[in-house]
Amino acid sequence: MAKELKNELTQQEVRDIFGALYKDLDDAYWSATTIVDKDRISGIQGAVFDILTELNKAHIKSNTEKFKELISTVNNVNKRLDMLKKDIDKIIHKIDVATRVAKTVDKVLTQAVKYFKI
């Protein structure tokens, strides 16, 4: 109940959400059928890795300049994730993988972004 009332996620919770996205993108990469789609997924996964690296730093929010850079990176990744989500059924033919990626993308786009106040 207390968890439902909490509006702001912790840095660890955000890191966990992006970590799940990273793993699901890896599954999507191996399920993609064309090299173009694999490259697209790999590019997004690389940017998610950069976000995870920054989130591993203890006090990213207290370093205003670094946090602003991270917000910019997250914003860019969110746009790419939104486009990927629209195309996921075309590039991933394994229904369970496509569904899992779409759900994780939704979680990033709706929950994790609250941490960055985007």
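Residue -18 is where the sequence shown starts when you use our numbering, and the numbers rise one by one after that. All C-beta atoms, glycine included, are put in the ideal place defined by N, C-alpha and C.
The criterion of a C-beta distance shorter than 8 Å is not satisfied by Asn59 and Val82. The bridge partners DSSP lists for Ala13 are Ile73.
Counting only the Cα atoms, Leu(-10) lies some 8 Å from Gln92. Contact check for Leu51 against Gln26 fails: the beta carbons are separated by 8 Å or more. Within 10 angstroms of the beta-carbon of Val29 lie 16 or more other beta-carbons, which makes it buried. Nearest neighbour of Asp18 by Cα position, chosen from Lys98, Asp70, Val86, Val89, turns out to be Asp70. Shown here, Asn37 sits in coil according to DSSP, grouped into three states, outside any helix or strand. The continuous alpha helix (DSSP H) containing Lys95 extends over residues 94 to 97. One Cα belongs to Asp31, the other to Ser23, and the distance between them is close to 12 Å.
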